[in-house]
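2 protein chains.
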Amino acid sequence: MKLFDLSSYLSRKRDSIEAALKAWVDPTAHENHRLAEAMAYSLMAGGKRMRPVLCIAAAESVGGGEKDALPGACAVEMIHTYSLIHDDLPAMDDDTLRRGKPTCHVAFDEATAVLAGDALLTLAFEVLATYGLSRGDRPGKTLEVIRILSHAAGPSGMVRGQMEDMAAQGASCHLNQLRHMHALKTGALIVASVEIGAILGGGSEDRIHKLKHYAHELGLAFQIIDDVLNVEGDPRIMGKATGTDSFKKKSTYPALMGVEASKALAKACIDSALHALKDFDTKAEPLRAIAAYVLERKR
Amino acid sequence: MKLFDLSSYLSRKRDSIEAALKAWVDPTAHENHRLAEAMAYSLMAGGKRMRPVLCIAAAESVGGGEKDALPGACAVEMIHTYSLIHDDLPAMDDDTLRRGKPTCHVAFDEATAVLAGDALLTLAFEVLATYGLSRGDRPGKTLEVIRILSHAAGPSGMVRGQMEDMAAQGASCHLNQLRHMHALKTGALIVASVEIGAILGGGSEDRIHKLKHYAHELGLAFQIIDDVLNVEGDPRIMGKATGTDSFKKKSTYPALMGVEASKALAKACIDSALHALKDFDTKAEPLRAIAAYVLERKR
């Protein structure tokens with residue numbers, strides 16, 4: 020059996036996603052250069068593109084094509100990027116570096132960073148609505164996607180998770196509180212990315228349900244491994260400092276249950292994610308390979 | 020002929036709008052009290068409710084009902100409120116008072132204000148999508164509303180206007196630049212409010228076109244009168260300080276063309292707005308009365 024080549028798959032999907040994103044935030048096509056530049060600066064700064072890749076892979080797993088899912092992929096990446104820009108603000112996490120580059124408010128200024136985030140969040144919905152209107156056959160499907168994305172990103176999902184994360188800083192928290200906070204802060208958008216891809220790809224309710232379970236477990240494993248890498252990762256491979264969580268006394272999985280138990284929990288999550296895909300055929304190979312990668316990744 | 024009673028109309032519509040808004044941001048119904056409290060603090064702080072009233076009045080002018088337009092009305096008011104919260108931030112206009120109350124970041128804190136704004140912006144789209152899905156007959160119509168609102172609020176509309184306003188501060192600007200900046204910063208959302216109401220109310224393309232013209236002229240007149248009131252308004256009636264634009268050396272209509280010429284321009288805009296409604300029947304009386312009010316208002 021030929022092994023699935025994840026690295027080549029990711030590279031191809033990232034190219035498609037970046038071309039589609041670029042068409043929406045090309046600074047040379049905007050009259051207001053500074054705003055468009057700030058949006059493009061953060062949106063085109065690389066990154067894993069995990070959410071949009073998951074969106075496309077989910078669409079493909081139910082028999083849809085990349086093109087069906089691309090608007091959803093762009094929208095989730097725009098929302099992810101806006102959340103990073105606002106989380107990095109001085110009033111929030113006050114981070115000056117992201118992916119080795121100055122954060123948006125450092126490269127531009129704080130007001131521009133607030134507005135670039137606002138603009139990307141708003142643009143995500145324009146992308147989806149524009150796409151839905153161009154496809155006469157699926158307005159209801161696009162509305163459902165917009166409802167899922169706004170719910171996952173808003174005050175019942177990601178924004179609430181960020182509020183709870185800030186409230187928890189400095190305070191000790193229980194494992195269940197930590198799971199709950201991550202389920203909102205990062206999990207909701209990951210689950211939405213997969214669900215949106217599955218809907219745009221034409222998946223049945225049963226398939227969508229299974230894919231959401233996959234995404235929930237994957238998101239949790241991703242977060243646990245993030246915490247583990249902060250303890251024992253190699254800063255040279257990661258491209259960023261490690262040990263920062265412990266220094267900040269952050270509540271993390273390794274801090275609450277130890278490194279080995281954290282790894283075992285992540286493994287159990289990935290097993291559960293893969294189990295959710297057991298009825299899926301080879302079109303789900305990218306999703307399976309991503310799950311395996313989340314567990315093995317070094318950065 | 021019985022004169023149309025605008026004051027009673029506004030009072031009834033505001034009651035409907037506030038009841039509908041409250042259902043979406045009731046802090047007692049949210050688990051995260053602080054975020055919901057900050058959202059409700061700013062959203063339920065009163066204000067003229069000009070945009071949502073225009074949205075409903077536009078729907079009624081083409082034969083639609085209040086209920087058809089209420090989700091659109093809530094969405095535009097949520098977006099207007101988010102823009103006020105973010106504009107008031109220390110990194111932007113750094114305002115500590117709004118409508119006589121401490122601004123959101125003063126009453127809560129800066130991070131909460133950023134997130135409350137983000138949450139209201141996102142919730143606006145959830146409101147529309149939820150409504151569109153509950154009405155099987157009009158998914159395409161709701162998608163069109165979402166496209167219009169996201170376009171008017173995003174990097175091609177309101178957010179861009181705020182960028183240009185900040186860039187213009189301290190610099191002298193021409194009348195056309197001022198018009199252009201206001202058309203984006205405040206005009207785009209006012210026009211969208213009316214257009215959305217007209218669509219949800221079932222207006223024809225011709226009616227929608229005329230209503231957009233009305234809204235464009237009304238928005239311009241509103242801004243000119245705002246500037247005039249800052250020069251010669253009564254601080255006791257306005258509930259806020261006057262003369263602040265001149266103190267800040269802001270480019271305004273009175274500064275660029277004088278108070279009397281500004282008033283004449285506002286009058287011409289309102290005449291043009293009323294002219295756009297000449298084929299409309301008595302169902303457009305609220306829109307006509309609002310236009311007259313914009314010219315006469317003292318606060």
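First to last, the protein sequences are chains A and B. According to the numbering used here, the first sequence is numbered sequentially starting from 20. According to the numbering used here, the second sequence is numbered sequentially starting from 20. For glycine and all other residues, C-beta sits at the position ideal for the given N, C-alpha and C. Predicted, not measured: the structure shown is a model, and the values here were computed from it.
Within the same chain, show all residues whose beta-carbon is closer than 6 Å to that of B/M20, passing over the 5 residues directly before and after it, in chain order. Taking the second sequence and counting its residues from 1, the one referred to as residue 20 of chain B is at position 1. The predicted model places B/M20 with a pLDDT of 49, which falls under 50 and marks its position as unreliable; any figure quoted below should be read in that light. Taken in chain order, the list of residues that qualify is empty.
Taking only beta carbons into account, state which residues of the stretch 205–219 of chain B come closer than 8 Å to chain A, listed in chain order. none
Let me make sure I understand the geometry here. Which of A/L162, A/T301, A/V133, A/G252 has the alpha-carbon closest to that of A/L147? One-based indexing of the first sequence puts residue 147 of chain A at position 128. Comparing Cα-Cα distances from A/L147 to each of A/L162, A/T301, A/V133, A/G252, the minimum goes to A/L162.
Of all Cβ atoms in chain B, is any one closer than 7 Å to the Cβ of A/M325? The structure shown does not extend to residue 325 of chain A, since chain A is modelled only from 20 to 318, so the question has no answer here.
Can you tell me whether B/F127 is buried or exposed, with buried defined as 16 or more other CB within 10 angstroms of its CB? For the purposes of this step, residue 127 of chain B is taken as the residue at position 108 of the second sequence. Buried, by the Cβ-count rule.
Boundaries (first-last residue) of the alpha helix (DSSP H) holding B/V44: As a first step, residue 44 of chain B is located in the second sequence; it is residue number 25 there, counting from the start. It spans 25–44 - the alpha helix (DSSP H) in which B/V44 sits, taken as one unbroken run.
Residue interval of the alpha helix (DSSP H) (run including A/S169): On the first sequence, position 150 is the one that residue 169 of chain A refers to. 158–172 is the extent of the alpha helix (DSSP H) around A/S169.
Please list the residues of the stretch 136–158 of chain A that have a C-beta atom closer than 7 Å to any C-beta atom in chain B, keeping them in chain order. D137, A138, L140, T141, L142, F144, E145, A148, T149, G151, L152, P158
Reference B/K317, options B/D298, B/G277, B/I244, B/K267, closest by Cα: Walking along the second sequence from the start, residue 317 of chain B turns up at place 298. Ranking the options by Cα distance to B/K317, first place goes to B/I244.
I want to verify the contact list: residues of chain C whose CB lies under 9 Å from the CB of A/M97, in sequence order. Protein chains in the displayed structure are A and B, and chain C is not among them.
In its own chain, which residues sit with a C-beta less than 6 Å from the C-beta of A/I36, not counting the 5 before and 5 after it? In the first sequence, residue 36 of chain A corresponds to position 17, counting from 1. Cβ within range, chain order: R68, P71, A92.
CB contact below 7 Å: B/G1 versus chain A: Outside the displayed range of chain B (20 to 318) lies residue 1 of chain B, so it cannot be described from this structure.
If distances are taken between C-alpha atoms only, which option among B/L62, B/T263, B/S191 comes closest to B/T122? On the second sequence, position 103 is the one that residue 122 of chain B refers to. B/T122 has its Cα closest to that of B/L62, out of B/L62, B/T263, B/S191.
Below 7 Å between beta carbons: does that hold for B/A130 and A/A311? For the purposes of this step, residue 130 of chain B is taken as residue 111 along the second sequence, with counting starting at 1. For the purposes of this step, residue 311 of chain A is taken as residue 292 along the first sequence, with counting starting at 1. Not closer than 7 Å, so no.
Whole-angstrom distance between B/F299 and B/K286, CA atom to CA atom: For the purposes of this step, residue 286 of chain B is taken as residue 267 along the second sequence, with counting starting at 1. For the purposes of this step, residue 299 of chain B is taken as residue 280 along the second sequence, with counting starting at 1. Going by the C-alpha atoms only, they are around 21 Å apart.
For the putative contact between A/S153 and A/L306, defined by C-beta atoms under 8 Å, what is the C-beta separation to the nearest angstrom? In the first sequence, counting from the first residue as 1, residue 153 of chain A sits at position 134. In the first sequence, counting from the first residue as 1, residue 306 of chain A sits at position 287. Contact between A/S153 and A/L306 does not hold, since the beta-carbon distance rounds to 28 Å and is not under 8 Å.
Can you tell me the Cα-Cα spacing of B/K297 and A/A234, whole angstroms? If you number the second sequence from 1, residue 297 of chain B lands on position 278. If you number the first sequence from 1, residue 234 of chain A lands on position 215. Between B/K297 and A/A234, the C-alpha separation is close to 56 Å.
Starting from the beta carbon of B/M200, find every residue of chain A whose beta carbon is closer than 8 Å, and list them in chain order. As a first step, residue 200 of chain B must be located in the second sequence, where it is residue number 181. The premise fails here: B/M200 is roughly 11 Å from chain A at the closest Cβ pair, so nothing lies under 8 Å.
Measuring CB to CB, does A/A135 end up less than 7 Å from A/M182? In the first sequence, counting from the first residue as 1, residue 135 of chain A sits at position 116. In the first sequence, counting from the first residue as 1, residue 182 of chain A sits at position 163. No, the pair does not count as a contact, with Cβ atoms beyond the cut-off.
Neighbourhood of B/Y60 by C-beta, 7 Å cutoff - its chain only, sequence neighbours within 5 removed: If you number the second sequence from 1, residue 60 of chain B lands on position 41. Here the set comprises C123, A126.
Identity of the residue in A/K32, A/F241, A/I218, A/H228 nearest A/G159 by Cα: As a working mapping, residue 159 of chain A is identified with position 140 in the first sequence. Looking at the Cα atoms, A/I218 is the closest of the given residues.
Alpha-carbon to alpha-carbon, A/A240 and A/H232: Counting from one through the first sequence, the residue named residue 232 of chain A turns up at place 213. Counting from one through the first sequence, the residue named residue 240 of chain A turns up at place 221. Taking the straight line joining both Cα atoms gives about 12 Å.
Anything in chain B within Cβ reach of A/T161, meaning under 7 Å, just list it in chain order. As a first step, residue 161 of chain A is located in the first sequence; it is residue number 142 there, counting from the start. Under the 7 Å cutoff, chain B gives L162.
Based on the DSSP secondary-structure assignment, which residues constitute the bridge partners of A/L116? Residue 116 of chain A sits at position 97 when you count from the first residue of the first sequence. Paired residue(s): A/P121.
For A/M177, the nearest candidate out of B/N195, B/D184, B/T141, B/A172 (CA to CA): By one-based count along the first sequence, residue 177 of chain A stands at place 158. For A/M177, the closest C-alpha among the options B/N195, B/D184, B/T141, B/A172 is that of B/T141.
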